[in-house]
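Numbering-wise, the numbering used here comes out as the position in the sequence shown, counting from 1, plus 51.
For glycine and all other residues, C-beta sits at the position ideal for the given N, C-alpha and C.
The structure appears right after this line, and notes come after that.
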Amino acid sequence: MASKLWQSTATGSLHPLVETYTVGDDQVLDQHLLGHDITATKAHAHMLEKIGVLTSDEYQQLAAALDELLNEWKTGAFTLTSEHEDGHTAIELYLTEKLGPIGKKVHTGRSRNDQALVMMRLFIKTELEAVAKKLEAVAQAYAGKIAVIGQTEMPGYTHTQKAMPTTVSMWLGSYHDAFHDLQQLVAHSITAIDQNPLGSAAGFGVTLPLDRQMTTSELGFAKVQENPMYCGLSRGVFELIAVQALNPIMVFAGKFAEDMLLFTSQEFNYFKLPVTMTTGSSIMPHKRNYDVFEIMRATAHAYPNYALQLQAISTGAGSGYHRDLQLTKKITMDAFTSALDTLEVLTLCVSELEANTDRLAEAMTDELYTVAKINELVEKGVPFRDAYQQVKQSFLGE
Numbered sequence: 052m053a054s055k056l057w058q059s060t061a062t063g064s065l066h067p068l069v070e071t072y073t074v075g076d077d078q079v080l081d082q083h084l085l086g087h088d089i090t091a092t093k094a095h096a097h098m099l100e101k102i103g104v105l106t107s108d109e110y111q112q113l114a115a116a117l118d119e120l121l122n123e124w125k126t127g128a129f130t131l132t133s134e135h136e137d138g139h140t141a142i143e144l145y146l147t148e149k150l151g152p153i154g155k156k157v158h159t160g161r162s163r164n165d166q167a168l169v170m171m172r173l174f175i176k177t178e179l180e181a182v183a184k185k186l187e188a189v190a191q192a193y194a195g196k197i198a199v200i201g202q203t204e205m206p207g208y209t210h211t212q213k214a215m216p217t218t219v220s221m222w223l224g225s226y227h228d229a230f231h232d233l234q235q236l237v238a239h240s241i242t243a244i245d246q247n248p249l250g251s252a253a254g255f256g257v258t259l260p261l262d263r264q265m266t267t268s269e270l271g272f273a274k275v276q277e278n279p280m281y282c283g284l285s286r287g288v289f290e291l292i293a294v295q296a297l298n299p300i301m302v303f304a305g306k307f308a309e310d311m312l313l314f315t316s317q318e319f320n321y322f323k324l325p326v327t328m329t330t331g332s333s334i335m336p337h338k339r340n341y342d343v344f345e346i347m348r349a350t351a352h353a354y355p356n357y358a359l360q361l362q363a364i365s366t367g368a369g370s371g372y373h374r375d376l377q378l379t380k381k382i383t384m385d386a387f388t389s390a391l392d393t394l395e396v397l398t399l400c401v402s403e404l405e406a407n408t409d410r411l412a413e414a415m416t417d418e419l420y421t422v423a424k425i426n427e428l429v430e431k432g433v434p435f436r437d438a439y440q441q442v443k444q445s446f447l448g449e
């Protein structure tokens with residue numbers, strides 16, 4: 052059998068430079084995604100048995116071989132090589148080499164288009180569920196820290212200038228509420244993309260009586276994505292929906308990183324992390340650098356580029372499949388890796404956060420209470436604006 056599913060014995064070899072350029076890093080990416088591809092292939096084969104394309108014995112042999120391949124993949128015994136154009140090819144070659152003609156039947160009623168679609172859809176669902184769990188973990192970390200140091204007073208800031216008194220509880224609680232609420236956004240994203248594209252083939256369906264509801268149930272999707280052209284049309288866009296749901300997570304992570312870089316500076320010194328979570332300098336022995344927050348801040352600033360790339364690639368490709376869409380795979384995977392890594396390190400940082408209570412007490416200076424003084428005058432019957440001017444005069448001499 053030719054190493055490429057589209058290649059015949061009469062077809063000359065693809066130019067190696069063209070092959071390298073068009074395949075890109077698909078082999079590396081598909082190695083990571085192969086488990087989802089195998090799972091979807093097994094569900095497809097089971098459905099082919101139901102509609103009579105495969106006999107019961109043929110399906111049992113395919114299922115056993117796919118289980119074996121999945122185990123080899125999990126243990127690292129099976130890896131994609133340059134022989135494989137992609138993971139889809141690797142699966143079919145494996146089955147054909149192991150089972151001969153039976154392996155050649157597995158692609159019946161299927162294209163690499165819907166094979167890639169369902170693989171990525173399963174990946175995105177899994178990753179969004181992982182994000183939801185990490186959001187809950189970071190929210191719990193904030194809640195746990197509030198229970199320990201929350202009653203400590205601290206200055207509140209506007210325009211990076213002292214504004215009004217607040218507490219560590221209110222400050223940390225704002226982030227707790229933010230990450231808690233974002234779980235709903237992630238859940239909505241899962242609902243939006245929870246549709247099974249398997250069976251749409253190249254984007255136009257097939258004449259075989261595929262039971263798409265069966266594969267939908269076996270793969271755990273909420274519903275069939277009915278219109279086969281919509282299946283293809285949504286490629287890159289469903290990825291965009293998922294990644295856009297991650298954007299606010301990174302916004303809040305970046306904001307917390309910025310807060311921490313300010314509040315851990317020597318001039319503020321309100322909070323600190325254990326020494327083991329800071330870095331040093333190769334020339335200045337006194338330095339304790341909060342690199343973790345600088346990387347978090349920069350990562351958050353750069354993060355919108357993932358969604359921008361997905362939108363640009365998807366917008367530039369009309370309906371039907373275009374190879375452009377291959378590039379959305381890496382962008383999506385990198386976006387999830389970045390968000391999940393950030394949430395994990397953020398949870399650690401919050402859990403290990405320490406308050407310098409003496410320094411926070413020193414920072415609670417008189418100007419923080421000017422609004423309270425205005426309100427005291429208002430309660431005595433002084434018009435607000437007159438009270439405002441009186442307090443301003445007493446503090447600023449204006």
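Distance from the CA atom of R348 to the CA atom of M301, rounded to whole angstroms, is 9 Å. Ranked by Cα distance from A273, the first of N298, A115, N247 is N247. Looking at T421, H227, T379, A116, the one whose alpha-carbon comes closest to that of G287 is T379. For K431, the secondary structure class from DSSP, reduced to helix, strand or coil, is coil. The beta-carbon distance between L324 and E403, rounded to whole angstroms, is 5 Å. This is short enough to meet the 8 Å contact definition. Leaving aside the five residues that flank V401 on each side, the residues in its chain whose CB is nearer than 6 Å to its CB run, in chain order, A192, Y193, K196. Along the region 60-86, the alpha helix (DSSP H) occurs as fully enclosed runs of 4 or more residues at 67-74, listed in sequence order. Between the alpha carbons of A351 and A96 lies a distance of about 42 Å.
For the 8 Å CB-CB criterion, L397 and V189 form a contact. Annotation: the region 129-211 contains the following complete segments of the alpha helix (DSSP H) (minimum length 4 residues), in chain order: 138-150, 163-200. Contact between the region 232-245 and the region 63-80 is absent, with fewer than three C-beta pairs closer than 8 Å.
Note on geometry: alpha-carbon atoms of N340 and T315 lie some 9 Å from one another. Contact check for T177 against I142 fails: the beta carbons are separated by 8 Å or more. Here the alpha carbons of A438 and E427 stand approximately 9 Å from one another. The three-state secondary structure of V302, taken from DSSP, is helix. For F319, there is no enclosing alpha helix (DSSP H), as DSSP gives it neither H nor E. Shown here, P279 sits in a helix according to DSSP, grouped into three states. Per the DSSP secondary-structure output, P216 pairs in a beta bridge with P206. Around the Cβ of T330, a 10 Å sphere holds fewer than 16 other Cβ atoms; the residue is exposed. DSSP, reduced to helix, strand and coil, places T398 within a helical segment of the structure shown. For M171, the closest alpha carbon among the candidates G138, L312, M215 is that of G138. When the alpha-carbon of I425 is set against those of L68, T383, S445, the nearest one is in S445. Taking the Cα of Y208 as reference, the smallest distance to any Cα among Y354, T327, L99, D310 is reached at D310. In summary, F387 is buried, with 16 or more beta-carbon neighbours lying within 10 Å of its beta-carbon over all protein chains present. A406 carries a strand assignment under DSSP once its states are collapsed to helix, strand and coil. In the DSSP assignment, the residues bridged to Q246 are K274.
A straight line joining the alpha-carbon of V182 with that of E449 spans about 52 Å. Distance check between A406 and each of E395, G256, H87, F322 places F322 closest, using alpha-carbon atoms only. Look at T92 here: in three-state DSSP terms it is helix.
Scanning its chain for C-beta atoms nearer than 6 Å, with the 5 sequence neighbours on each side dropped, one finds around P279 the residues S251, G254, F255, G256, in chain order. When beta bridges are read from the DSSP output, T329 appears opposite no residue. L105 and G271 have their C-alpha atoms spaced approximately 23 Å apart.
Distance between Q202 and E345, taken at the CA atoms: about 28 Å. Annotation for Y420: no alpha helix (DSSP H) segment contains it, and DSSP assigns it neither H nor E. The Cβ-Cβ distance between L150 and Q111 does not fall below 8 Å.
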